[in-house]
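First the structure, in the form of structure tokens, and then the observations on it.
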Amino acid sequence: MLPLLSRLSRNSRLAVCALPVVALLGVAALAPLPFAVAQPGSATDVLGKDSEGRPVISVTGVPTRETTGKLRMTTIVATGPSIDHRVGELADAWFRDDRAVMPHDVVYPTGGDDEEIAEYNKGEMLKSQNSAVSAALGYLGEKGKDVRGKDAKVDLHLADVGGPSAGLLFTLGIIDKIDGNGAGGDLTGGRDIAGTGTIDADGTVGQVGGVPLKIKGAREDGATVFLVPKDECSQAKTGLPAGMRLVPVSTLDGAVTALRELGKPGGTGKVPSC
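Shown next, in the form of structure tokens:
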């Protein structure tokens, strides 16, 4: 007696064999996958006020100055590890230029649940703020500004934002509040400038992540210049919005120099681009 499968036509046999594959694909489509979906977040002006109405940067103990222009620190918003995504949701996000699909271990390398990750990000933000204060006051001290000797005190306020990627913009904001461009004008030159990057106390700028999404969010909010860690230039050019200029930086001194040149007539030609 022949096995049942051998009695069927070729097309019927193929259909029967395909059933397990279809079933597996169906299960995969319904199964949660270890990916996060990210999108542009806030692009807060560090020279302005936070969501609670407090100045993002408050400086006491030394003379400060009124500023014009904007220095926007940029963020992305990603779904937490407790959020389950199916294939259909990920496919939709994959083909959108205002979304990114990333593995959980890339977005949340420390692991943990939502609460643990939130606490970790708060800690990273605090360390970033401390480094920004040290870098800014150290830079001004090297330029002959007696800010340490006069006991400058800097308070940074930014609710509901975590992580270290605002370090560079905090540092530039402190410098602009105290010294501007060093010649009586604004470090921004009155422009709407955005950026991202970690900062070490010695002024080293570090790479972050999610740069294309941050650039898109900043452009939608009106920024025309974006300071990007030099090592992320190639990534930053992916889907670059019209009207946005990318300025690569690797040190605080380089970032300040670039902003000063942008503010001078004809100075844009001296500023590097990605």
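Each step along the sequence shown adds one to the number in our numbering, with nothing skipped, and position 160 is 165.
Cβ atoms here follow ideal geometry from the backbone N, Cα and C, with glycine treated the same way.
Please name the residue, chosen from the options, that lies closest to residue i on a Cα-to-Cα basis.
| i | options | result |
| --- | --- | --- |
| A247 | P217, A41 and S136 | P217 |
| P169 | F231, E147, K150 and G200 | G200 |
| I179 | D160, S278 and T262 | D160 |
| G143 | G215, T49, S278 and T209 | T209 |
| K150 | V67, P60, G128 and N135 | V67 |
| T256 | I204, S87, T243 and G167 | I204 |
| D110 | L38, E266, V61 and S47 | L38 |
| R196 | I62, S47, D103 and L267 | L267 |
| P60 | C238, S47 and H162 | H162 |
| T69 | S47, K158 and S239 | K158 |
Could you compute how far the alpha carbon of residue i sits from the alpha carbon of residue j?
| i | j | result |
| --- | --- | --- |
| A137 | L52 | 14 Å |
| F132 | N126 | Before going on, a small fix: residue 132 reads as Lys here, not Phe. Taking the straight line joining both Cα atoms gives about 10 Å. |
| T273 | I198 | 14 Å |
| G194 | D258 | 17 Å |
| L251 | F231 | 5 Å |
| G190 | K182 | 11 Å |
| V276 | V261 | 11 Å |
| K269 | G187 | 13 Å |
| D226 | K54 | 16 Å |
| A228 | G222 | 9 Å |
| E129 | I122 | 10 Å |
| E57 | Q134 | 18 Å |
| T80 | T49 | 9 Å |
| P108 | A206 | 31 Å |
| D184 | V166 | 27 Å |
| A140 | E147 | 11 Å |
| T72 | R101 | 37 Å |
| K155 | V64 | 12 Å |
| T115 | E124 | 11 Å |
| P45 | G214 | 12 Å |
| H90 | L245 | 27 Å |
| L145 | V92 | 51 Å |
| R104 | C238 | 19 Å |
| V152 | I62 | 16 Å |
Who are the Cβ neighbours of residue i in its own chain at under 6 Å, not counting the five residues just before and after it?
| i | result |
| --- | --- |
| V112 | A41 and A83 |
| L264 | L192 |
| G85 | D119 |
| S47 | T80 |
| L7 | The pLDDT assigned to L7 is 38, lower than 50, so where the model puts this residue is not dependable; a value taken from the coordinates is nonetheless given after this. Closer than 6 Å at Cβ, skipping near neighbours: no residue. |
Any idea which residues DSSP pairs residue i with across the strands?
| i | result |
| --- | --- |
| M107 | A41 |
| G211 | T203 |
| T256 | T209 |
| R250 | V230 |
| D160 | S63 |
| D197 | K75 |
| V82 | Q44 |
| D50 | R77 |
Beta-carbon within less than 7 Å of residue i's beta-carbon, same chain only, minus the 5 sequence neighbours each way: which residues are those?
| i | result |
| --- | --- |
| D236 | Q212 |
| V106 | F40, V42, L95, A98 and W99 |
| T243 | P217 |
| G271 | none |
| A164 | D55, S56 and E57 |
Who are the near neighbours of residue i in its chain, counting only those whose CB is closer than 8 Å to its CB and skipping five residues on each side?
| i | result |
| --- | --- |
| M249 | I220, A223, R224, A228, T229, V230 and F231 |
| D233 | In the sequence as displayed, the identity of residue 233 is Val instead of Asp. Closer than 8 Å at Cβ, skipping near neighbours: G200, T201, G202, V216, I220, A241, L251, V252, P253, V254 and C279. |
| S87 | D118 and D119 |
Taking 6 Å as the cut-off, is the CB of residue i close to at least one heavy atom of the ligand HEM?
| i | result |
| --- | --- |
| M130 | This structure does not include the ligand HEM; it has no bound ligands of any sort. |
Could you tell me whether the segment 71 to 85 touches the segment 168 to 187, where touching means 3 or more Cβ pairs closer than 8 Å? A contact between stretches requires three or more CB pairs, one per stretch, nearer than 8 Å, and the segment 71 to 85 meets this requirement with the segment 168 to 187.
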